[in-house]
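Heads up: take any position in the sequence shown, counting from 1, add 134, and you land on the numbering used here.
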Amino acid sequence: MKISTKGRYALRMVVYLASQSEREYVSLKEIAENQDISKKYLEQIVPMLNKSGILRTNRGNRGGYMLAKNPEECTVGDVLRATEGSLAPVSCLDYGEVDCERAETCATLYIWQGLYKVVTDYLDSITIADIVARSGEQGWSDYCI
135 MKISTKGRYA
145 LRMVVYLASQ
155 SEREYVSLKE
165 IAENQDISKK
175 YLEQIVPMLN
185 KSGILRTNRG
195 NRGGYMLAKN
205 PEECTVGDVL
215 RATEGSLAPV
225 SCLDYGEVDC
235 ERAETCATLY
245 IWQGLYKVVT
255 DYLDSITIAD
265 IVARSGEQGW
275 SDYCI
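And the structure:
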């Protein structure tokens, strides 16, 4: 499994917004400049995060973006599923249930199910608040994900 740039940038955006939680809305221009990500690229990511309920959008003069979820309730897994789709290592596990005519006789299915469980358990155990707290403890003013 390889996380795309879209997934990594979405996570950076969400972490940045969580670190700005004392503010109302943050402009996409500010996020792009602070995270050194193209504004156009972020514009492609925003609809995915909106649809999944991670972001809240406000249009207008004081518009921008903020987290719709509490950083303690939003996990790395949530963000990556919103942008990457399934985190399953093989396509037969994409939809939770095994969708394969060979599942009954597949000698390797348990391997892929185990890997999927380990990956999702790990990513779902790390909240956005955890990342913000860790970056503050280590004095990172500019972090890289």
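Every residue, glycine too, gets a C-beta built ideally from N, C-alpha and C.
| Asked | Found |
| --- | --- |
| Are at least three pairs of beta-carbons, each pair with one atom in the stretch 177-193 and one in the stretch 215-226, less than 8 Å apart? | yes |
| Looking at the structure shown, is Thr242 part of a helix, part of a strand, or coil, going by DSSP? | coil |
| Since I believe Leu151 is in contact with Leu221 (beta carbons under 8 Å), could you give me their beta-carbon distance rounded to a whole number of angstroms? | So it is not a contact: roughly 22 Å between Cβ atoms. |
| Taking all protein chains shown into account, do 16 or more other C-beta atoms lie within 10 angstroms of the C-beta of Gly248, making it buried, or fewer, making it exposed? | exposed |
| Compute the Euclidean distance between the alpha carbons of Arg157 and Asn192, then round it to the nearest angstrom. | 13 Å |
| Helix, strand or coil for Met182 per DSSP? | helix |
| Let me make sure I understand the geometry here. Which of Gln154, Glu164, Ile171 and Lys163 has the alpha-carbon closest to that of Gly141? | Ile171 |
| Report the partner residues of Leu189 according to the DSSP bridge assignment. | Leu201 |
| Just checking my contact of Leu162 with Tyr199 at CB under 8 Å: how many whole Å lie between their CB atoms? | 7 Å |
| Tell me which residues share the same chain as Asp258 and place their Cβ nearer than 7 Å to its Cβ, disregarding the 5 neighbours each side in the sequence. | Thr209 and Gly211 |
| Under a Cβ-count criterion, where at least 16 other Cβ atoms within 10 Å of its own Cβ denotes burial, should Thr121 be classed as buried or exposed? | There is no way to answer for residue 121, as the model of the chain reaches only from 135 to 279. |
| Which same chain residues, not among the five before or five after Ile91, have their C-beta less than 7 Å away from its C-beta? | Within the shown structure, residues of the chain are numbered from 135 to 279, placing residue 91 beyond reach of any answer. |
| To which residues of the same chain is Tyr277 closer than 6 Å at the C-beta, ignoring the five residues directly before and after it? | Summary for Tyr277: the model assigns pLDDT 49, below 50, so the residue's position carries little reliability, and this model does not support an answer. |
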